[in-house]
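Chemist: Take a look at this one; I'll ask things after.
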Amino acid sequence: MPANRERPTMQDIADRVGVSKALVSLVFRNAQGPSAQTRERVLAAADELGYRVNRAAALMTARRTHLIGVVANISSPFHAELVEDIVAEADANDYEVVLGAVTATHPEAAVVETLLSFRCEALILLGPELTESTLADLAGRVPVVVVGRRTSCPEVDVVRTADGRGIGRVVEHLVELGHRRISHLSGGPGTISADRKAGYTRAMKRHGLSAEIDVIDGDLTESSGIAAAHALLQRPQRPTAVVAANDQSAIGLLDQLMRAGAAVPGDIAVAGYDDSVLAQLAHIDMTTVSQEPRQQAQSAVKAIVDRLDNGRTERLDVVLEPRLVVRHTTG
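Just so we're aligned, residue 1 is where the sequence shown starts under full-length UniProt numbering, counting upward by one.
Okay, here's the thing in structure tokens:
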């Protein structure tokens with residue numbers, strides 16, 4: 001490589017191997033033409049020279065990018081776990097993931113457009129709150145997989161767990177322990193939270209506890225759980241158990257109850273939903289529901305690959321069975 005150049009180029013590799021620059025380009029694009037021996041020599045020379053493919057330039061000329069855009073809420077530990085599994089599964093299928101982070105200042109719609117501008121061939125949306133019409137429009141542009149929520153859009157693939165049944169199993173577990181005053185800390189107005197709230201209500205009615213139904217309005221954050229704990233501690237008659245819409249809000253609730261001196265599960269039992277890494281920690285040890293994130297990730301990536309590589313056109317709707325995980329916070 002010339003001494004006055006900081007970064008090696010394809011021409012440097014071609015000169016080292018004794019082939020044309022065009023042939024080197026074919027090797028890096030994994031195109032037909034070069035023999036196996038030539039590919040090996042080119043790649044070895046690239047390693048020796050420290051050459052790195054200019055990804056942006058390659059994407060400008062490639063017909064396919066093999067990029068999957070993933071839209072996730074970075075404040076959610078469960079989304080972070082899902083993303084890790086999705087990246088591993090995409091890598092196993094020769095795809096790469098471009099992560100789009102949803103924040104308070106960067107909403108879902110903006111994240112989606114950013115990912116499409118990077119020429120992502122498909123999108124995996126984790127727990128999206130986009131409207132049905134927006135999902136339908138998006139599916140007209142690229143293959144879309146929604147993870148975690150229902151949608152009636154016929155062009156969108158869905159991978160989720162049966163949230164209503166999952167919450168119902170928590171209620172059943174608490175009833176078996178003798179609880180009757182069981183409250184639900186809701187996750188807000190979204191589709192996922194609505195399904196979990198409905199699952200709680202159905203389970204309470206199924207066990208003859210209609211008169212004890214108590215929904216505490218909240219959202220999916222720790223601060224929501226903290227606020228709920230403050231409200232519950234002011235009640236003259238408190239519930240003996242609370243089922244939260246997710247682990248984050250349940251952990252906020254648990255933290256504030258313990259700070260106030262309430263015994264968990266002795267005074268109030270607490271359960272979450274997601275089986276996040278935090279819920280598994282020894283000092284939290286929280287009863288929750290596993291959504292089988294690895295299976296969701298595998299199913300979501302498989303749905304993308306089947307559409308892009310195998311030409312599948314019919315809708316896919318994968319519903320996984322949630323799994324109750326009993327730990328210390330319910331006794």
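Backbone N, C-alpha and C fix where the C-beta goes; we use that ideal spot for every residue, glycine too.
Bear in mind that the values here come from a model prediction, so they are computed numbers and not experimental data.
1) Closest to LEU269 by C-alpha separation, out of LEU281, ALA282, LEU254 and ALA279, would be which residue?
2) For LEU115 versus LEU125, is the C-beta distance shorter than 8 angstroms?
3) Any idea if THR330 is buried or exposed, counting beta-carbon neighbours within 10 angstroms, 16 or more meaning buried?
4) Please state whether DSSP places ASP91 in a helix, a strand or coil.
5) Decide if ALA211 is buried, meaning its Cβ has at least 16 other Cβ atoms within 10 Å, or exposed.
6) Can you give the Cα-Cα distance for SER299 and TYR200, rounded to whole angstroms?
7) Just verifying my parser: in three-state terms, what is the DSSP assignment at ASN73?
8) How many angstroms separate the CA atom of THR273 from the CA atom of ILE86?
9) With distances taken between CB atoms, is the gap from PRO154 to LEU308 smaller than 8 angstroms?
10) Which term fits SER290, buried or exposed, when burial requires 16 or more other beta carbons within 10 angstroms of its beta carbon?
11) Consult DSSP for ALA262 and reduce its assignment to one of helix, strand or coil.
12) Kindly indicate the opening and closing residues of the beta strand (DSSP E) around ALA101.
13) Within the same chain, show all residues whose beta-carbon is closer than 6 angstroms to that of GLU89, passing over the 5 residues directly before and after it, in chain order.
14) Consult DSSP for SER117 and reduce its assignment to one of helix, strand or coil.
15) State the beta-bridge partners of VAL325 as determined by DSSP.
16) Just confirm the distance between the C-beta atoms of ALA250 and GLY225, as a whole number of angstroms; I'd bet it's less than 8 angstroms.
17) Does ASP217 come out as helix, strand or coil in the three-state DSSP assignment?
18) Using the Cα positions of GLY187 and SER133, report the straight-line distance between them to the nearest angstrom.
19) Assuming ILE74 and ALA101 are in contact, meaning their beta carbons sit under 8 angstroms apart, how far apart are those beta carbons, in whole angstroms?
Modeler: By the coordinates alone:
1) First, the amino acid is wrong: residue 269 is Ala here, not Leu. Looking at the Cα atoms, LEU254 is the closest of the given residues.
2) No, the pair does not count as a contact, with Cβ atoms beyond the cut-off.
3) Answer is buried; the Cβ neighbour count reaches 16.
4) In this structure, ASP91 counts as helix in the three-state DSSP scheme.
5) Residue burial annotation: ALA211 is exposed, with fewer than 16 other C-beta atoms found within 10 angstroms of its C-beta.
6) Between SER299 and TYR200, the alpha-carbon positions lie close to 27 angstroms from each other.
7) It is a strand residue.
8) Checking the sequence shown, residue 273 turns out to be Tyr, not Thr. The straight-line gap from Cα to Cα measures roughly 20 angstroms.
9) It is not a contact, given that the beta carbons lie outside the stated cut-off.
10) Under a 10 Å Cβ-count criterion, SER290 is classified as buried, with 16 or more other Cβ atoms of the shown protein chains found around its own Cβ.
11) ALA262: coil per DSSP, three-state reduction.
12) Bounds of the beta strand (DSSP E) holding ALA101 are 96–102.
13) Taking GLU89 as the centre and dropping the five residues before and after it, the same chain places the C-beta of ALA297, GLN298 and VAL301 closer than 6 angstroms to its C-beta, in chain order.
14) Helix, per DSSP.
15) Its beta-bridge partners are THR288.
16) That belief holds up - the Cβ atoms of ALA250 and GLY225 are roughly 6 angstroms apart, short of 8 angstroms.
17) Under the three-state reduction of DSSP, ASP217 is assigned to coil, being neither helix nor strand.
18) Here the alpha carbons of SER133 and GLY187 stand approximately 23 angstroms from one another.
19) 4 angstroms between Cβ atoms; contact.
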